[in-house]
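Contents: one structure, followed by commentary.
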Amino acid sequence: MKVRVVFKNETIQTVILMAIMIAGVATFWFGLGIVLRTEYPLLAVISKSMLPTLNVGDYIVVQGVNASEIKAEKIIGDIIVFPSPGPRNSGELIVHRAIGKTRGNDGELYFQTRG
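With this note's numbering, letter number 34 in the sequence shown gets 34, and the count goes up by one each step, no holes.
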């Protein structure tokens with residue numbers, strides 16, 4: 001069986017292959033985000049604040065949940081990911097363990113964290 005070469009130019013073949021690979025990765029990323037209900041489905045840990053549970057360089061899979069579903073217990077609360085709060089909010093994502101939660105006067109849930 002003969003294979004017919006549609007594109008003889010190696011540069012064109014490489015560009016097409018790269019475009020297919022990029023489209024595949026983008027489809028995987030956005031698909032994973034839809035399934036897990038989050039904008040950032042995979043994150044890398046970049047600090048030691050969650051040792052010994054998470055090490056620097058570990059990858060975590062993030063699933064979007066309703067804030068009321070988060071377990072915030074002193075011993076073993078859920079690990080949560082949230083944008084850096086306050087005036088220095090740089091869009092940086094923080095990974096900490098929820099150890100307490102309260103409902104504010106505004107009706108929002110607020111979490112006490114450790115990590």
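Ideal placement from N, C-alpha and C gives every residue a C-beta, glycine not left out.
Exposure of residue i, with buried meaning 16 or more beta-carbon neighbours within 10 Å
{"i": "Val25", "result": "exposed"}
{"i": "Ala72", "result": "buried"}
{"i": "Ile80", "result": "buried"}
{"i": "Pro169", "result": "Any property of residue 169 remains undetermined from this structure, which presents the chain solely from 1 to 115."}
{"i": "Val62", "result": "buried"}
{"i": "Gly91", "result": "exposed"}
{"i": "Gly31", "result": "exposed"}
{"i": "Gly77", "result": "buried"}
Opposing strand residues paired with residue i [DSSP bridges]
{"i": "Phe111", "result": "Lys101"}
{"i": "Ile60", "result": "Leu43"}
{"i": "Val95", "result": "Val81"}
Review point. Do the segment 81–100 and the segment 34–53 meet, that is, are 3 or more Cβ pairs less than 8 Å apart?
Key: yes
**Study point:** Completely contained beta strand (DSSP E) runs for the segment 4–54, where each covers 3 or more residues
**Key:** 42–44
Review point. So, do the segment 96–113 and the segment 54–70 have three or more beta carbon pairs nearer to each other than 8 Å?
Key: yes
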